[in-house]
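Written out below as structure tokens is the structure these notes cover.
Protein chains: 2
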Amino acid sequence: MALLPIKLYTAPTPNGFKISIFLEVLGLKYDSQIFDISKGETKQNWFVELNPNGRIPVIVDPNVKGEGKGEGEGEGKGEGEGEGEGKGEGDNGGLVLSQTGAILQYLADTYDKEHKYSYPFGSIEYYKTLEYLIFQVSENGPIQGQANHFVVFAKEKVPYGINRYLTDTKRIYDVYEDILSRNKNNGSKYLVGDRYTIADFALLGWAFRLPRLNIDIHSWPLLGKWFDELTQIPAVQRGLIVPPH
Amino acid sequence: MALLPIKLYTAPTPNGFKISIFLEVLGLKYDSQIFDISKGETKQNWFVELNPNGRIPVIVDPNVKGEGKGEGEGEGKGEGEGEGEGKGEGDNGGLVLSQTGAILQYLADTYDKEHKYSYPFGSIEYYKTLEYLIFQVSENGPIQGQANHFVVFAKEKVPYGINRYLTDTKRIYDVYEDILSRNKNNGSKYLVGDRYTIADFALLGWAFRLPRLNIDIHSWPLLGKWFDELTQIPAVQRGLIVPPH
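Residue numbers (my numbering), protein chains in the order written: chain A, 40 to 284; chain B, 40 to 284.
Right under this line is the structure:
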């Protein structure tokens, strides 16, 4: 039973990279549509129907049975009457999912049945993977994202913000180095156990953008090695390009 | 087979509330140890062994088979030699887990077999719940947390930060109101489907702290009602006290 391609709405951003990397690693077929965030393309009504948060990435997996449009038939923001038009390409049934943490977990659960990049549901390692995945999406991503804002994007120079978020970004990579250091004592170079998981791929999306903050991941010896090895994997390299195929 | 009580390391904070609420809702036995974050108690070596990120909440579930100490025998931060002492109460085996998103998902998967507050693994609703749970831990929590910092805790008044995070906090509650509005069209008052889930309980932990920002959740009609109904549930009320029993 051949799988239909997954639709990926994305952009060349750290959060976008996470998903294209993992789709490539899993060898899944997908069609990507790349948005220009600066033009507000993720705030179009048809896209907000797919993701009420109006942000990439979003996947639509047509291989899922069930209505699966989720809230696709709801209204847009605010009072939202009569916005049912402009349905968008994703509105063809299937599972609609946003939030990188949820997308990565869904893809691993569904398409990595041999557990090459995951652990069996219910195992200790399954939840340790989820723990570090959520550390990524709830601390590394948000804090490094705020650092990017204050260092790169803010039209006003706000030293308090620059210092606050650069300091915390570095602290978070200290924590990751600590995790790798503990695992190294067990002979592992991965965040969890004996294989790369979505915890690693999620972090990689953001680690890839550290140069923007003038931070070199090789300042952390184990993270530097981890980064170099991961980015030599051809599938990972393809995912970091986010090819519009 | 009687369950052993789960150990909960926590504090009366939004992230702490999430876990004590859900433990109470599930009717699970637990022993809580309440930390004074302002005194740096979460940065003690024995606690950092449990959670390399040095933050509450953390659970230790002794009912899980396997070594389960996770990295409990690793070193502390930095070079970390010879810090194996001070093992801490959690170091008695069992699953050690941090990050509220991971803890809530673990508790639902493990202790809500009847799916009173969750959906079966692999279902569309399971992943929609995860999507909104991760929206909470990756946007609502971090952004409202930054708003708290700039409005309440920062020693310096930084208008840029105050405005940025108050604005985004409100935008995020707009999104939640939109989600409830779409679901209302399907006859639901919940974030996902026909029951409260960890997506609701996670948001409640932070919604409870909106008064600190002088924001009234009743400014959003559906969220206001959602909040009033949830906070009338006795188990939820107990969880919001975080009783040290």
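We put the beta carbon where it would ideally sit given N, CA and C, even for glycine.
Proximity of residue i and residue j at Cβ, strictly below 7 Å
i	j	result
Phe189/B	Tyr204/B	yes
Leu172/A	Ala246/A	no
Glu178/A	Ile211/A	yes
Ser137/B	Asn84/B	no
Asp100/B	Ile60/B	no
Leu43/A	Asn102/A	yes
Tyr150/B	Leu67/B	yes
Ala193/B	Thr208/B	no
Ser71/B	Thr52/B	no
Phe266/B	Ile256/B	yes
Gly200/B	Gly200/A	yes
Contacts that residue i makes with chain E (C-beta to C-beta distance below 7 Å)
i	result
Gln144/A	Going by chain labels, chain E is absent from the structure shown, which instead holds the protein chains A and B.
For residue i, three-class secondary structure by DSSP
i	result
Thr49/A	strand
Gln72/A	strand
Leu146/B	helix
Glu110/A	Bear in mind that a pLDDT of 40 at Glu110/A, under 50, signals an unreliable position, so the number given afterwards is only what the model happens to contain. Note: Glu110/A maps to coil in three-state DSSP.
Val99/A	strand
Gly244/A	helix
Asn253/B	coil
Val231/A	coil
Ala238/A	helix
Arg210/A	helix
Tyr215/A	helix
Ala41/A	coil
Ala193/A	coil
Ile201/B	helix
Tyr166/A	helix
Arg277/B	helix
Gly55/B	helix
Tyr171/B	helix
Asn92/B	coil
Glu80/B	helix
Phe160/A	coil
Gly318/B	In the structure as shown, chain B starts at 40 and stops at 284, and residue 318/B therefore has no counterpart that could be examined.
Gln224/B	With the sequence shown as reference, residue 224/B is identified as Asn, and Gln is not the correct amino acid for it. Of the three classes helix, strand and coil, the one that applies to Asn224/B here is coil, per DSSP.
Gln185/A	helix
Ile60/A	helix
Leu262/A	helix
Per-residue burial, residue i [other beta carbons within 10 Å of its own, 16 or more giving buried]
i	result
Asn253/A	exposed
Ser77/A	exposed
Ser258/B	exposed
Ala238/A	buried
Lys57/A	buried
Ile218/A	buried
Val64/A	buried
Arg251/B	exposed
Ile163/B	buried
Asn222/B	buried
Gln183/B	buried
Val135/A	buried
Gly278/B	buried
Glu114/B	Here the model assigns Glu114/B a pLDDT of 34, short of 50, so the residue's position is not dependable, and the following value carries that caveat. Glu114/B is buried by the Cβ-count criterion.
Thr168/A	buried
Thr206/B	exposed
Ala41/B	exposed
Gly226/B	exposed
Glu124/B	Note that Glu124/B scores 34 on pLDDT, short of 50, meaning its location in the model is unreliable; the coordinates nonetheless yield the value given after this. That one is exposed.
Identified DSSP bridge partners for residue i
i	result
Tyr135/A	According to the sequence provided, residue 135/A is Val. The question's Tyr does not apply to it. According to DSSP, Val135/A bridges with Val99/A.
Whole-Å CB distance - residue i paired with residue j, under 8 Å assumed
i	j	result
Asn54/A	Ile98/A	Rounded, the Cβ-Cβ distance is 12 Å, inconsistent with contact.
Tyr215/B	Leu249/B	At roughly 12 Å, the Cβ-Cβ gap does not stay under 8 Å, so Tyr215/B and Leu249/B are not in contact.
Val176/A	Thr139/A	6 Å
Tyr285/A	Thr236/A	No answer is possible for residue 285/A: it lies beyond the span of chain A, which begins at 40 and ends at 284.
Val197/B	Val275/A	Not quite, the Cβ-Cβ distance comes to about 38 Å (not below 8 Å), so this is no contact.
Asp148/A	Gly79/B	Between Gly79/B and Asp148/A the Cβ distance is about 38 Å, and since that is not below 8 Å, they are no contact.
Gly232/B	Tyr158/B	7 Å
Near the ligand ZN: residue i beta-carbon under 6 Å from a heavy atom
i	result
Ser227/A	Among the components modelled here there is no ligand, and therefore nothing to report on the ligand ZN.
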